[in-house]
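All remarks here apply to the structure that follows.
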Amino acid sequence: AQKVTQAQTEISVVEKEDVTLDCVYETRDTTYYLFWYKQPPSGELVFLIRRNSFDEQNEISGRYSWNFQKSTSSFNFTITASQVVDSAVYFCAPPLDKLIFGTGTRLQVFP
Amino acid sequence: NAGVTQTPKFQVLKTGQSMTLQCAQDMNHEYMSWYRQDPGMGLRLIHYSVGAGITDQGEVPNGYNVSRSTTEDFPLRLLSAAPSQTSVYFCASSYVPFYGYTFGSGTRLTVV
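Line by line, the protein sequences give chains G and D. Using the working numbering, the first residue of the first sequence is number 279, and each one after it goes up by one. Using the working numbering, the first residue of the second sequence is number 389, and each one after it goes up by one.
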């Protein structure tokens with residue numbers, strides 16, 4: 279069965295710290311994609327990015343960067359110089375005919 | 389307005405009552421799904437559909453029914469509400485899952 283694991287339940291950092299969130303997708307597929315979503319305190323789900331497992335290069339968008347580590351089958355999401363507005367729950371999910379979400383990582387950024 | 393529309397936004401039910409949460413999209417999306425999110429938890433799949441007339445169960449289907457008679461609508465029915473169904477419900481749709489899903493704004497349901 280396919281399973282999405284976000285082992286980090288909650289992370290707290292002080293503003294301007296870098297923080298990395300991890301996601302592992304267990305599947306028999308040799309290549310696959312993963313979505314990242316952000317859910318701020320207001321509750322809506324915001325799509326951030328789609329990443330694939332066959333490209334280990336970093337993808338960077340502003341303060342956000344993503345990469346895939348083949349050795350651990352882990353998708354990493356890094357926020358550089360975190361800000362209070364980054365406080366949210368971050369989910370990952372593979373783009374299947376339905377979304378199977380990880381349990382999410384709650385990020386709290388303190389001023 | 390293009391997007392996924394969920395109604396109502398808030399609802400309070402008494403135990404044993406039934407109701408239907410509405411989800412509608414005008415983007416001609418074949419893929420639609422329902423999720424529930426309990427406080428401090430992730431989103432769990434209730435039911436999903438890959439096209440009109442086709443539905444399937446997700447992780448937590450008990451106590452809920454769905455039907456998909458049109459491409460646009462995917463209502464979620466609570467047969468006999470229980471306090472354990474107190475949650476926020478999200479509906480999502482997609483034309484091609486690879487390109488992403490669009491989410492509704494959610495329905496906050498409280499069962500007393």
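No residue lacks a Cβ here, since even glycine has one placed at the ideal position from N, Cα and C.
When the Cα atoms are used, tyrosine 487 (chain D) and serine 352 (chain G) turn out to be separated by approximately 21 Å. One finds nothing in chain D with a Cβ atom closer than 8 Å to the Cβ of threonine 298 (chain G); even the nearest lies about 19 Å away.
Less than 8 Å divides the Cβ of glycine 321 (chain G) from the Cβ of valine 476 (chain D). Interface criterion met: the Cβ of phenylalanine 369 (chain G) is under 8 Å from a Cβ in chain D.
Residues of chain G with a Cβ closer than 9 Å to the Cβ of valine 438 (chain D) are, in chain order, Asp375, Lys376.
Contiguous beta strand (DSSP E) elements confined to the segment 402-451 of chain D occur at 407-413, 419-425, 431-439, 442-445, taking only those with 3 or more residues. Judged by beta-carbon spacing, methionine 420 (chain D) lies within the 8 Å limit of phenylalanine 462 (chain D), meaning their Cβ atoms are closer than that value.
Beyond the five residues adjoining it in sequence on each side, isoleucine 378 (chain G) comes within less than 7 Å, by CB distance, of Gln280, Val282, Ala371, Pro372 in the same chain, given in chain order.
For alanine 366 (chain G), the number of other beta carbons within 10 angstroms of its own is at least 16, and it is reported as buried.
Using a 10 angstroms sphere on the CB of lysine 402 (chain D), the tally of other CB atoms stays under 16, which defines it as exposed. A straight line joining the alpha-carbon of valine 302 (chain G) with that of isoleucine 327 (chain G) spans about 16 Å. Taking all protein chains in view, the Cβ of glycine 340 (chain G) is surrounded by fewer than 16 other Cβ atoms within 10 Å, so the residue is classified as exposed. Any Cβ of chain D closer than 8 Å to the Cβ of glutamate 322 (chain G) would place that residue at the interface, and such an atom is present. Annotation note: the segment 352-387 of chain G contains the following uninterrupted beta strand (DSSP E) runs of length 3 or greater, listed N- to C-terminal: 352-357, 366-371.
Threonine 358 (chain G) and glycine 404 (chain D) have their C-alpha atoms spaced approximately 49 Å apart.
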